[in-house]
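Chains as they are written, first to last, in full-length UniProt numbering: chain X, 1 to 195; chain B, 1 to 195; chain A, 1 to 195; chain H, 1 to 195.
There are 4 protein chains.
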Amino acid sequence: MALGFESSDKKLRIIRSAAKVFAQKGFHRAKMEEIAQEADVGKGTVYEYFSSKEQLFFEMLQMGKNFYHDSLTKEVNSEVSLQNKLKKIAYLHLKFIQEYKDFGRVMMQEFLQLGSEMQNYFWKAHEQEITLLSQTFQDGMSQGILRPLDCKVVAQIFHGAVHSMGGPMIFLDEEPDLEQLSTTIIEVFFKGIAK
Amino acid sequence: MALGFESSDKKLRIIRSAAKVFAQKGFHRAKMEEIAQEADVGKGTVYEYFSSKEQLFFEMLQMGKNFYHDSLTKEVNSEVSLQNKLKKIAYLHLKFIQEYKDFGRVMMQEFLQLGSEMQNYFWKAHEQEITLLSQTFQDGMSQGILRPLDCKVVAQIFHGAVHSMGGPMIFLDEEPDLEQLSTTIIEVFFKGIAK
Amino acid sequence: MALGFESSDKKLRIIRSAAKVFAQKGFHRAKMEEIAQEADVGKGTVYEYFSSKEQLFFEMLQMGKNFYHDSLTKEVNSEVSLQNKLKKIAYLHLKFIQEYKDFGRVMMQEFLQLGSEMQNYFWKAHEQEITLLSQTFQDGMSQGILRPLDCKVVAQIFHGAVHSMGGPMIFLDEEPDLEQLSTTIIEVFFKGIAK
Amino acid sequence: MALGFESSDKKLRIIRSAAKVFAQKGFHRAKMEEIAQEADVGKGTVYEYFSSKEQLFFEMLQMGKNFYHDSLTKEVNSEVSLQNKLKKIAYLHLKFIQEYKDFGRVMMQEFLQLGSEMQNYFWKAHEQEITLLSQTFQDGMSQGILRPLDCKVVAQIFHGAVHSMGGPMIFLDEEPDLEQLSTTIIEVFFKGIAK
DNA sequence: TATGAATGAGCTTTCATTCAT
DNA sequence: CATGAATGAAAGCTCATTCAT
């Protein structure tokens with residue numbers, strides 16, 4: 001697995017290894033030694049690049065988040081129809097989860113382990129994401145495409161709806177057809193379930 | 001906090017205490033000693049009732065899950081309109097999260113700590129829940145109230161949409177008006193966001 | 001070796017063991033594990049009684065110091081002639097060093113390892129000792145037995161003179177006749193070396 | 001601080017740096033890296049000149065000792081009166097301590113950290129010093145200036161008396177008038193304290 | 001049944017030392 | 001000669017679990 005970014009640089013090798021091991025074992029069960037071995041470096045070397053286990057965990061999450069965030073932002077700023085844009089966002093989100101399952105698992109369930117300062121960092125990042133979505137919906141309403149609704153709530157519903165598909169993918173190893181899945185989500189989301 | 005179930009029985013006292021301590025510290029940082037103290041029993045006594053820390057954690061989650069599940073099932077089997085039923089489900093879910101914040105936090109983010117056997121148990125429980133919802137939607141479609149859609153996906157979307165509201169409540173201490181919030185969710189869910 | 005106080009109490013066993021191991025290896029080379037083994041308890045048990053290695057070191061020194069201090073004080077308050085009193089003090093000091101060589105070694109050379117707070121504690125104790133001696137000399141001057149001199153400096157000279165004999169005993173395993181040695185010291189100290 | 005010997009030579013720079021760092025932190029807390037930095041050389045360079053941390057420590061102490069020893073020997077071989085000679089020795093000893101406080105601290109309390117072979121080296125050096133003093137006293141006795149006493153014991157008492165003044169200077173930062181202090185010491189030492 | 005003193009496996013982190021450049 | 005990135009042995013401390021009482 002690991003995070004797309006290929007590189008021979010040692011720091012990156014360690015982060016990739018960390019992603020893998022943290023994903024398999026969770027924060028506390030993961031041993032620095034195993035991370036080091038996986039990265040094919042000595043235990044001490046890890047500490048040359050990261051001051052502590054927590055710091056390594058943090059930077060690993062950060063890198064993944066940035067990677068995801070960048071592709072999201074690019075999509076939001078693209079010039080396609082609202083519906084296509086949202087569909088693409090849903091697709092990318094699920095694609096990311098499918099591709100980086102291990103990372104997703106950690107991100108979803110382990111960041112409570114971080115000190116509250118770092119937790120805060122990621123909640124702010126999440127808020128930003130919601131805001132980004134929010135504005136997209138706001139645009140839709142201004143243009144008269146969407147009904148007038150509480151943008152932020154809508155954004156949160158959207159995010160939750162998409163994100164909730166990740167659970168079975170991650171934990172039950174389901175591999176749904178993402179193209180079709182995102183189409184359905186958008187369908188439901190735009191037209192509702194009522195006849 | 002603790003989980004509604006009042007009892008003077010020692011085992012329950014320990015579970016309640018466990019819920020409190022696990023919620024505050026997470027699985028790994030929680031100490032058996034603190035749980036014992038909080039329950040006002042000796043450390044050894046905990047092991048009379050639970051074979052290990054993990055087992056205690058598991059049973060604690062299980063009890064919370066059952067508590068939640070029962071109220072959900074009751075609602076699903078009630079004889080109100082589909083829309084009101086779903087609204088009530090959303091409301092109950094959010095109410096549960098609001099009431100048992102600490103428990104919710106653990107449930108959402110710590111169960112990865114469990115061995116995969118026990119993790120499995122909860123995923124099955126979650127699947128059951130989704131199936132329960134699924135059937136509700138299926139009924140709606142059979143009755144011609146809802147458009148024909150993939151029931152399971154709809155159920156998942158619904159669950160995800162509702163559940164996603166829990167994050168800010170748990171982690172940012174937001175206390176939204178649940179009555180209104182569930183109304184909005186249902187609104188969006190039935191009619192869609194498109195004009 | 002160990003410190004006179006016989007006891008089957010576990011805390012004391014650990015302190016005695018600590019005295020032995022710290023003496024042989026010095027503070028940093030001493031391993032908690034070895035101390036535990038020597039005391040015939042588990043590693044964790046040591047931490048039941050002492051919060052840290054440093055704390056154990058501190059309490060060990062403290063106990064030795066008290067043991068020594070008590071016998072010194074008793075002598076100072078006895079009703080013998082000044083000369084005999086000082087001779088007894090010298091004798092006791094050297095006797096203590098001879099008997100508890102290992103402890104003496106640590107006390108003389110390792111307490112720098114302590115945090116400054118604890119270092120302070122022992123310097124104050126040492127000052128007290130000097131003050132105690134000082135008063136004895138003051139009495140002698142008041143009674144006209146001694147020449148008028150700076151009491152504190154005299155006390156320090158006396159202490160240093162006696163104490164300096166400890167080096168060879170501790171580090172070169174010399175075992176001089178303490179009776180005679182203390183007689184000589186007092187002799188020199190009272191009458192001077194000049195003809 | 002550092003030890004008087006000015007030089008631009010790299011080895012000396014390292015020793016001077018070592019003296020500083022060892023003095024501040026003690027043997028075990030001192031890091032080779034910090035010593036290297038302070039000497040403005042690379043970490044590996046230190047190992048070009050010294051085979052190990054212990055060796056560096058040893059050579060550093062050795063240099064300090066020689067520096068002290070030389071000035072002492074010069075004084076012992078000078079042609080002044082016995083009393084003045086001893087006074088000068090006391091004065092030089094205390095002066096050295098006052099000037100090189102940090103070094104004194106290490107010398108007094110850290111050399112236990114050395115392997116026993118190196119410890120031995122310094123005890124022999126100390127014995128030499130005592131012997132040197134011993135001979136001075138022997139001369140005094142031969143000349144009929146001093147009472148017939150055990151020379152070695154007298155030398156040890158003298159050394160201890162003088163040295164004991166160092167404690168407060170080093171650890172309590174006292175800065176006594178050394179001229180007066182050494183006069184008092186000699187006074188007491190020659191005439192005794194008795195009336 | 002209830003207890004808590006005792007235990008020791010297991011983990012993070014440090015830092016002297018090496019060696020390729 | 002000089003360097004500093006890389007290393008891994010070593011040690012303090014924690015805490016789930018046991019068991020004698």
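Idealized CB from N, CA, C, for every residue including glycine.
1) Helix, strand or coil, according to DSSP, for A19/H in the structure here?
2) Would you call T184/A buried or exposed, if buried means 16 or more other Cβ atoms sit within 10 Å of its Cβ?
3) To the nearest angstrom, report how far apart I14/B and M108/H are at their CA atoms.
4) Where does E94/A sit, in a helix, a strand or coil, going by DSSP?
5) So, using beta-carbon positions, are A161/B and I157/X closer together than 8 Å?
6) Determine which residues share a DSSP beta bridge with L178/A and list them.
7) Report the CB separation of E32/H from V46/H in whole angstroms; it is logged as a contact under 8 Å.
8) Determine the burial state of S78/B: buried for a count of at least 16 other Cβ atoms within 10 Å of its Cβ, exposed for fewer.
9) Among the residues of its own chain, which have a CB less than 8 Å from the CB of R65/B, if the five just before and after it don't count?
10) Relative to the alpha-carbon of G144/A, which residue among Q135/H, I193/H and S142/H has its alpha-carbon at the smallest distance?
11) Measure from the alpha carbon of S164/H to the alpha carbon of each residue in C151/H, L181/H and P148/H, then state which is nearest.
12) From the beta carbon of H163/X, is the nearest beta carbon of chain B less than 8 Å away?
13) So M169/A packs on I97/A, CB below 8 Å; how close in whole Å?
14) Quick check on DSSP: helix, strand or coil for A161/H?
15) When the Cα atoms are used, what is the spatial distance from N84/H to L172/H?
16) Would you verify that the beta carbon of Q135/B is, or is not, closer than 8 Å to some beta carbon of chain X?
17) Excluding the 5 residues preceding and the 5 following H159/A in the sequence, name in chain order all residues of the same chain whose CB lies nearer than 8 Å to its CB.
18) Give the straight-line distance between the Cα atoms of S52/A and A18/B, rounded to the nearest whole angstrom.
19) Label residue 246/X either buried or exposed according to how many other C-beta atoms from any shown protein chain fall within 10 Å of its C-beta, with 16 as the threshold for buried.
20) Please report the Cβ distance between V21/A and E38/A, rounded to the nearest whole angstrom; I am assuming they are in contact, meaning their Cβ atoms lie under 8 Å.
21) Chain B partners of L172/X, CB-CB under 7 Å?
22) Can you name, in chain order, every residue of its own chain whose Cβ lies under 7 Å from the Cβ of G26/H, other than the five neighbours on each side?
23) From the DSSP secondary-structure annotation, give me the bridge partner or partners of L146/A.
24) For a quick check, are the C-beta atoms of R147/X and A23/X less than 8 Å apart?
25) Within 8 Å (strictly less), CB to CB, does Q156/X reach chain B?
26) Going by the beta-carbon positions, is the gap between F67/B and E59/B smaller than 8 Å?
27) Would DSSP call K65/B helix, strand or coil?
28) Just to make sure I have the definition right: I need the residues of chain A whose C-beta is within less than 8 Å of the C-beta of G44/H. Which are they?
29) Under the rule that 16 or more other beta-carbon atoms within 10 Å means buried, what is K87/B, buried or exposed?
30) Confirm, please, whether the CB-CB distance from K95/B to L178/B is below 8 Å.
31) Tell me whether the beta-carbon of E54/B lies closer than 8 Å to the beta-carbon of L149/B.
32) Cα-Cα, which of K43/X, D9/X, K191/X and P176/X is closest to V153/B?
33) Quick check on the burial criterion: 16 or more other C-beta atoms within 10 angstroms. Buried or exposed for G44/X?
34) Does E6/A have its Cβ less than 8 Å from a Cβ in chain H?
35) So, does the CB of L146/A fall closer than 8 Å to a CB anywhere in chain H?
36) Residues of chain H with a CB under 7 Å from the CB of F189/A: which are they?
Per the coordinate set shown:
1) Start at 1 with the first residue of the fourth sequence, and residue 19/H comes out as number 19. Looking at A19/H - three-state DSSP - the assignment turns out to be helix.
2) Taking the first residue of the third sequence as position 1, residue 184/A is located at position 184. Counting C-beta atoms within 10 angstroms of its own C-beta, T184/A has 16 or more neighbours from the protein chains shown and is therefore classed as buried.
3) Sequence index remark: in the second sequence, residue 14/B carries index 14 (1-based). Sequence index remark: in the fourth sequence, residue 108/H carries index 108 (1-based). One C-alpha to the other measures close to 57 Å.
4) The residue given as residue 94/A occupies position 94 in the third sequence. It is worth fixing the name first, because residue 94/A is Leu in this sequence and not Glu. Three-state DSSP puts L94/A in a helix.
5) In the second sequence, residue 161/B corresponds to position 161, counting from 1. In the first sequence, residue 157/X corresponds to position 157, counting from 1. Cβ atoms of A161/B and I157/X: closer than 8 Å.
6) The residue you call residue 178/A lines up with position 178 of the third sequence. Under the DSSP definition of a beta bridge, L178/A lacks any partner.
7) Here residue 32/H is taken as the residue at index 32 of the fourth sequence, counted from 1. Here residue 46/H is taken as the residue at index 46 of the fourth sequence, counted from 1. According to the sequence displayed, residue 32/H carries Met and not Glu. In this structure, M32/H and V46/H form a Cβ contact; the two beta carbons are roughly 6 Å apart against a cut-off of 8 Å.
8) Walking along the second sequence from the start, residue 78/B turns up at place 78. So S78/B counts as exposed.
9) If you number the second sequence from 1, residue 65/B lands on position 65. According to the sequence as given, residue 65/B is Lys; it is not Arg. The answer, listed in chain order, is M107, F122 and A125.
10) Residue 144/A sits at position 144 when you count from the first residue of the third sequence. Distances from the alpha-carbon of G144/A to those of Q135/H, I193/H and S142/H put I193/H closest.
11) The residue you call residue 164/H lines up with position 164 of the fourth sequence. It is L181/H whose Cα lies nearest to the Cα of S164/H.
12) What you label residue 163/X is simply residue 163 of the first sequence in a count that begins at 1. It does: the Cβ of H163/X has a partner Cβ on chain B nearer than 8 Å.
13) To locate residue 169/A, count along the third sequence from 1; it is residue 169. To locate residue 97/A, count along the third sequence from 1; it is residue 97. Rounded, the Cβ-Cβ distance is 6 Å, consistent with contact.
14) Counting from one through the fourth sequence, the residue named residue 161/H turns up at place 161. DSSP places A161/H in helix when its eight states are reduced to three.
15) Working through the fourth sequence from its first residue, we reach residue 84/H at position 84. Working through the fourth sequence from its first residue, we reach residue 172/H at position 172. When the Cα atoms are used, N84/H and L172/H turn out to be separated by approximately 29 Å.
16) To locate residue 135/B, count along the second sequence from 1; it is residue 135. Taking Cβ atoms only, chain X never reaches closer than 8 Å to Q135/B, which makes this a no.
17) Locating residue 159/A in the third sequence gives position 159, where the first residue counts as 1. Taking H159/A as the centre and dropping the five residues before and after it, the same chain places the C-beta of E129, I130 and L133 closer than 8 Å to its C-beta, in chain order.
18) Here the question's residue 52/A lines up with position 52 in the third sequence. Here the question's residue 18/B lines up with position 18 in the second sequence. In this structure, the CA atom of S52/A is about 29 Å from the CA atom of A18/B.
19) A query on residue 246/X cannot be resolved here, the shown segment of chain X reaching from 1 to 195 and no further.
20) To locate residue 21/A, count along the third sequence from 1; it is residue 21. To locate residue 38/A, count along the third sequence from 1; it is residue 38. Contact between V21/A and E38/A holds: CB atoms are separated by about 6 Å, below the 8 Å threshold.
21) Indexing the first sequence from 1 puts residue 172/X at position 172. Simply W123.
22) For the purposes of this step, residue 26/H is taken as residue 26 along the fourth sequence, with counting starting at 1. Taking G26/H as the centre and dropping the five residues before and after it, the same chain places the C-beta of E110 closer than 7 Å to its C-beta, in chain order.
23) The sequence position of residue 146/A within the third sequence is 146, counting from 1. Note: L146/A sits in a beta bridge opposite A194/H.
24) Locating residue 147/X in the first sequence gives position 147, counting from the first residue. Locating residue 23/X in the first sequence gives position 23, counting from the first residue. Against a cut-off of 8 Å, the Cβ pair of A23/X and R147/X comes out as no contact.
25) Numbered from 1 along the first sequence, position 156 holds the residue referred to as residue 156/X. Among the residues facing chain B, Q156/X is included, as its CB has a counterpart in that chain under 8 Å away.
26) Position 67 of the second sequence, counted from the first residue, corresponds to residue 67/B. Position 59 of the second sequence, counted from the first residue, corresponds to residue 59/B. With contacts defined by Cβ atoms closer than 8 Å, F67/B and E59/B do not form a contacting pair.
27) To locate residue 65/B, count along the second sequence from 1; it is residue 65. Looking at K65/B - three-state DSSP - the assignment turns out to be helix.
28) For the purposes of this step, residue 44/H is taken as the residue at position 44 of the fourth sequence. The premise fails here: G44/H is roughly 25 Å from chain A at the closest Cβ pair, so nothing lies under 8 Å.
29) To locate residue 87/B, count along the second sequence from 1; it is residue 87. Answer is buried; the Cβ neighbour count reaches 16.
30) What you label residue 178/B is simply residue 178 of the second sequence in a count that begins at 1. What you label residue 95/B is simply residue 95 of the second sequence in a count that begins at 1. In this structure, K95/B lies closer than 8 Å to L178/B by Cβ.
31) In the second sequence, the residue the question calls residue 54/B occupies position 54. In the second sequence, the residue the question calls residue 149/B occupies position 149. Taking a C-beta distance under 8 Å as the contact criterion, E54/B and L149/B do not qualify as a contact pair.
32) Taking the second sequence and counting its residues from 1, one reaches residue 153/B at position 153. Checked all of K43/X, D9/X, K191/X and P176/X; the closest Cα to V153/B is P176/X.
33) Translated into positions along the first sequence, residue 44/X becomes position 44. It is exposed - the Cβ of G44/X has fewer than 16 other Cβ atoms within 10 Å.
34) As a first step, residue 6/A is located in the third sequence; it is residue number 6 there, counting from the start. Summary for E6/A: the model assigns pLDDT 38, below 50, so the residue's position carries little reliability, and this model does not support an answer.
35) Taking the third sequence and counting its residues from 1, the one referred to as residue 146/A is at position 146. Cβ-Cβ to chain H under 8 Å: yes for L146/A.
36) Here residue 189/A refers to the residue found at position 189 of the third sequence. Those within 7 Å of F189/A in chain H are G192 and I193.
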